[in-house]
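Working notes for the structure below.
In my numbering, the protein residues as written are 5 to 159.
Here it is in structure tokens:
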């Protein structure tokens, strides 16, 4: 799978429980812009309306060479495609247990653009601090190991 865009913030803000893959309904100019890397997923979220899933806040900036007869809208709401039984299961989890749906990434699969969405619960502030501490420790540990492997500095 070739990643197009990733929502790194989602893994920091939420505990990821389950991951799903969904198709996206896109227009031609959006596909061209995605191939050119003009997509941003950080502020995106998934909304359930009338038994259908919609991706909101995913920004696809139009290319300068876009056709003049098309009016590109960067923040257009995009419909996500999944099987009905999967959608019903997600609706139940979101309504009953306080989960939320967040997009994790956009990727190519078989020549088509797919979205990976996750059923997630929000992290508390102390969980975010723990995540940050672990990340900083791993970075520091890597620095120490590199220094130790390369040996002490000689003057």
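Yeah, the Cβ is synthetic: ideal placement off N, Cα and C, and Gly gets one too.
Contacting residues, own chain, Cβ-Cβ under 6 Å from residue i (five flanking each side not counted)
i, result
"residue 52", "95"
For residue i, the nearest candidate out of the options (CA to CA)
i, options, result
"residue 101", "120, 85, 126 and 87", "126"
"residue 77", "89, 85, 91 and 61", "61"
"residue 117", "32, 143 and 105", "32"
"residue 93", "122, 80, 143 and 114", "122"
"residue 6", "34, 41 and 56", "41"
Integer-rounded CB distance, given that residue j should sit under 8 Å from residue i
i, j, result
"residue 110", "residue 8", "4 Å"
"residue 37", "residue 67", "5 Å"
As assigned by DSSP and simplified to three states, the class of residue i
i, result
"residue 135", "helix"
"residue 117", "strand"
"residue 42", "coil"
"residue 128", "coil"
"residue 77", "coil"
"residue 103", "coil"
Alpha carbon of residue i to alpha carbon of residue j, nearest angstrom
i, j, result
"residue 29", "residue 139", "36 Å"
"residue 59", "residue 146", "38 Å"
"residue 89", "residue 56", "11 Å"
"residue 153", "residue 46", "37 Å"
"residue 79", "residue 106", "16 Å"
Min CB distance residue i to chain C below 7 Å
i, result
"residue 62", "Checking the listed chains, one finds no chain C in this structure; it contains a single protein chain."
Beta-carbon contacts of residue i that lie in its chain and below 7 Å, excluding the five residues immediately before and after
i, result
"residue 17", "126 and 127"
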